[in-house]
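Peer 1: In UniProt numbering, the protein residues as written are 1 to 395.
Structure in C-alpha cells, see below.
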C-alpha cells in the first residue's frame with residue numbers, strides 16, 4: 001500500500017485548480033468563483049523537512065499553530081513586518097515558532113487515527129463537511145470537552161453525519177450545511193467578517209424580545225431556509241426584512257446596485273466575506289434553542305483564528321502573501337455583535353459597528369452607516385484594489 005502523503009492544504013486553492021494554469025482576473029473557476037491572478041504555491045508537504053516514524057502525528061498538536069482560542073485579542077503591531085509581528089508567542093503560552101498558514105500540515109488519516117471510537121462517532125460531521133483549510137486549525141478545538149459535550153447534545157437532537165441524519169429531523173440548517181461558511185470562504189481568503197446572532201438569523205416572520213438588555217430577533221425557522229450563512233436564505237425564500245435594509249444601504253452607497261429578488265448571499269462568501277453565526281444550529285420554531293450549548297465558544301475560537309490568519313493568502317506589500325493575517329474588516333451590527341469584537345486589535349483590523357439592520361433599529365444608525373464603501377477603501381489600501389468586495393454582484 002502506498003503511504004499517505006501529509007499534504008499542505010492551500011486554503012485558497014481547490015485541488016482542481018492547482019492542476020491548471022492560474023486564472024486571469026476576469027475568469028472564473030469550475031465552482032463559479034472569480035479568482036484573482038496570483039502566484040500559486042506547491043501543495044505537497046514533501047517540500048518541507050519531515051521527521052520519521054511516530055513523529056508524523058505531531059501536526060495534531062496546537063503548539064505549531066499558536067492560536068489561543070480563549071481570547072480574541074491580538075498583540076500584533078501593524079507597523080511591524082508580518083513575520084516579526086506574528087512570531088511573538090502569546091503571553092503565558094509555550095509554543096514553537098508559528099507556521100505560515102499554507103505551511104501548516106494536516107493529514108485527515110492521521111487525525112482520524114488519533115481519535116477514540118467515541119470521538120470518531122461524534123466528530124464524523126466535522127471530518128465530512130468542514131473545509132480542510134479550517135479543520136487543520138480547528139482540529140484540537142473540536143476535541144475539547146465542551147465541544148464533545150455539544151456534539152453529544154446534538155446527537156441526541158438527531159444531528160449526526162452528513163448522510164445518516166434522520167430525514168424527519170427538524171434542526172436547521174441541515175447537517176451538511178452547518179459548516180458551509182468554511183467551504184464557501186477559505187481562511188486565507190477572508191477579507192470581511194459579518195457576524196450573525198444565531199443560525200439562519202433572520203427570516204420572514206419575527207418576534208422581538210430583550211435578553212440581557214439587548215434587542216435580539218426571535219426568527220421563525222422553517223424548512224429550506226437556513227443554509228449556514230448569516231443573513232442569507234436559499235433562493236425561493238422571501239427576502240428577510242433585515243436583509244432588505246442591508247440591500248437598501250448598499251443601494252445608497254452604490255447607486256448602480258440592482259437589488260436582487262432573492263436573499264442568497266453565497267456570492268459574497270465566495271468573494272471572501274465570512275458570514276458567521278454565533279450559534280450554528282437551531283430547533284425548528286424554537287429560536288435560541290441551541291444557545292449556550294457550546295457553539296458560542298467555538299465561534300469565538302473561529303474569530304481568534306481569523307484574527308491570526310484571516311487574509312493570510314491575500315497579497316502583501318511586496319505582492320506575495322505573508323502567510324499570516326494582516327487584518328480584516330469586521331462588520332458588527334447591534335450590541336451583541338459589537339460585544340463579540342470588542343477585544344480585537346483596532347489597529348490591526350477595521351472594526352465597523354452600528355445598530356442592527358432589523359426593522360426595529362435600522363433607522364437608528366444602520367441606514368447611512370457607509371460600511372460597505374468603508375470596507376472596500378480599507379481593503380484597497382491594505383491589500384490592493386483587487387481585494388475589494390463586489391457587494392453589487394449577487395448572481
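Every residue gets a Cβ at the ideal spot worked out from N, C-alpha and C, and that includes glycine.
One question on the structure: do residue 274 and residue 389 come within less than 9 Å of each other, judged by their Cβ atoms?
Peer 2: Result no, Cβ atoms of residue 274 and residue 389 do not sit closer than 9 Å.
Peer 1: Less than 9 Å between the beta carbons of residue 231 and residue 272, yes or no?
Peer 2: Against a cut-off of 9 Å, the Cβ pair of residue 272 and residue 231 comes out as no contact.
Peer 1: Once the 5 residues before and after residue 396 are set aside, which same chain residues still bring their CB inside 6 Å of it?
Peer 2: The question about residue 396 has no answer here: the residues shown for the chain are numbered 1 through 395.
Peer 1: Under the assumption that residue 301 contacts residue 141 (Cβ atoms under 8 Å), give the Cβ distance between them as a whole number of angstroms.
Peer 2: Between residue 141 and residue 301 the Cβ distance is about 5 Å, and since that is below 8 Å, they are a contact.
Peer 1: Which same chain residues, not among the five before or five after residue 185, have their C-beta less than 8 Å away from its C-beta?
Peer 2: These residues qualify, in order along the chain: 269, 270, 272, 273, 274, 275.
Peer 1: Could you please give me the residues that DSSP links to residue 247 through a beta bridge?
Peer 2: Partner(s): none; residue 247 has no beta bridge.
Peer 1: Considering just the uninterrupted stretch of the alpha helix (DSSP H) at residue 137, what are its terminal residues?
Peer 2: 132 to 138 is the extent of the alpha helix (DSSP H) around residue 137.
Peer 1: Count the other CB atoms within 10 Å of the CB of residue 259; is the residue buried (16 or more) or exposed (fewer)?
Peer 2: With fewer than 16 other Cβ atoms within 10 Å, it is exposed.
Peer 1: According to DSSP, is residue 160 helix, strand or coil?
Peer 2: Reduced to three states, the DSSP call for residue 160 is coil.
Peer 1: Give me the Cα-Cα distance between residue 157 and residue 123, rounded to the nearest whole angstrom.
Peer 2: Between residue 157 and residue 123, the C-alpha separation is close to 15 Å.
Peer 1: Under a three-way DSSP split, which group does residue 259 fall into?
Peer 2: Correct three-state label for residue 259: coil.
Peer 1: Could you check what DSSP says for residue 333 in three-state terms: helix, strand or coil?
Peer 2: Correct three-state label for residue 333: strand.
Peer 1: By how many angstroms is the C-alpha of residue 287 removed from the C-alpha of residue 209?
Peer 2: Because residue 209 sits at a pLDDT of 41, beneath the cut-off of 50, its placement in the model cannot be relied upon, and the point is left open.
Peer 1: Keeping to the same chain, check which residues put their C-beta closer than 6 Å to that of residue 332; ignore five residues upstream and five downstream.
Peer 2: Here the set comprises 195, 338, 341, 353.
Peer 1: Consult DSSP for residue 389 and reduce its assignment to one of helix, strand or coil.
Peer 2: Correct three-state label for residue 389: coil.
Peer 1: Among 308, 267, 318, which residue has its Cα nearest to the Cα of residue 394?
Peer 2: The candidate whose alpha carbon is nearest that of residue 394 is 267.
Peer 1: Between which two residues does the alpha helix (DSSP H) carrying residue 299 extend?
Peer 2: First-last of the alpha helix (DSSP H) with residue 299: 295 to 309.
Peer 1: Considering only the alpha carbon of each residue, which of 359, 109, 384 lies closest to residue 248?
Peer 2: Looking at the Cα atoms, 359 is the closest of the given residues.
Peer 1: Residue 293 and residue 179 look like a contact to me (Cβ under 8 Å); what is the Cβ gap, rounded to whole Å?
Peer 2: Actually they do not touch by this definition, with Cβ atoms about 16 Å apart.
Peer 1: My assumption, with CB atoms under 8 Å, is that residue 375 sits in contact with residue 350. Please give the rounded CB distance.
Peer 2: Sure, about 7 Å apart at Cβ, within 8 Å.
Peer 1: Measuring alpha carbon to alpha carbon, tell me which residue in 107, 295, 378 is nearest residue 347.
Peer 2: Comparing Cα-Cα distances from residue 347 to each of 107, 295, 378, the minimum goes to 378.
Peer 1: Just verifying my parser: in three-state terms, what is the DSSP assignment at residue 19?
Peer 2: Low confidence applies to residue 19: its pLDDT is 36, below 50, so where it sits in the model is not reliable, and the reading given next is rough at best. The answer is coil: DSSP assigns residue 19 none of H, G, I, E or B.
Peer 1: Which residues share a DSSP beta bridge with residue 171?
Peer 2: Paired residue(s): 283.
Peer 1: Does the distance from the CB of residue 314 to the CB of residue 191 come in under 9 Å?
Peer 2: In this structure, residue 191 lies closer than 9 Å to residue 314 by Cβ.
Peer 1: What's the gap between the Cα of residue 128 and the Cα of residue 363?
Peer 2: About 42 Å.
Peer 1: Can you give the beta carbon distance from residue 357 to residue 250, rounded, assuming they're within the 8 Å contact cut?
Peer 2: About 11 Å separates the two Cβ atoms, so there is no contact after all.
Peer 1: Within a Cβ cutoff of 6 Å, which residues of the same chain sit near residue 91, ignoring the five residues on either side of it in sequence?
Peer 2: At residue 91 the pLDDT is 40, less than 50, meaning the model places this residue with poor confidence; the figure from the coordinates comes in the next sentence. Same-chain partners within the cutoff: there are none.
Peer 1: Pick helix, strand or coil for residue 98, following the three-state DSSP scheme.
Peer 2: Coil, per DSSP.
Peer 1: What's the C-alpha gap between residue 289 and residue 170?
Peer 2: Each residue's Cα considered, the two are about 12 Å apart.
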